[in-house]
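Data block below; observations after.
Numbering (our numbering), first residue to last: -10 to 99.
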């Protein structure tokens, strides 16, 4: 069941998360879904979605040289500043600094 939810979240990571709908589809209470998901993934559904969004944003920033605000909206964030805060929390640097560092590291790879 959790695999199905995680696959759905991977497909729909940019959409608002609707725990009540996921729970109803699985014939579970939202609290049961949350607990079960966390037991399997070590993350809440919201944390899992956030990580998916930020990883996709990082990939887009690195591969497309896209603007951070554009990428924020593309992966489902409504606020570029919220996106930047959460990105820095996960990756340790704001988006542009992180991408610059990654490009420098990749440039040194033989």
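For every residue, glycine included, the Cβ atom is placed at its ideal position computed from N, Cα and C.
Query                                                                                                                                                                  : Result
Among 7, 79 and 96, which one has its Cα closest to the Cα of residue 34?                                                                                              : 7
So, at 7 Å on beta carbons, what are the nonlocal neighbours of residue 29 in its own chain, with the 5 sequence-adjacent residues on each side left out?              : -9
Between which two residues does the alpha helix (DSSP H) holding residue 83 run?                                                                                       : From DSSP, residue 83 is part of no alpha helix (DSSP H); its letter is neither H nor E.
Ends of the alpha helix (DSSP H) at residue 7?                                                                                                                         : Residue 7 -> no alpha helix (DSSP H), and no H or E assigned at all.
Assess, as a yes-or-no matter, whether the region 10 to 19 is touched by the region 45 to 59 under the definition of 3 or more beta carbon pairs within less than 8 Å. : no
Expressed to the nearest angstrom, what Euclidean distance is found between the alpha-carbon atoms of residue 90 and residue 45?                                       : 17 Å
Give me the Cβ distance between residue 49 and residue 63, rounded to the nearest whole Å; I'm assuming they're in contact under 8 Å.                                  : 7 Å
Alpha carbon to alpha carbon, how far is residue 65 from residue 96?                                                                                                   : 30 Å
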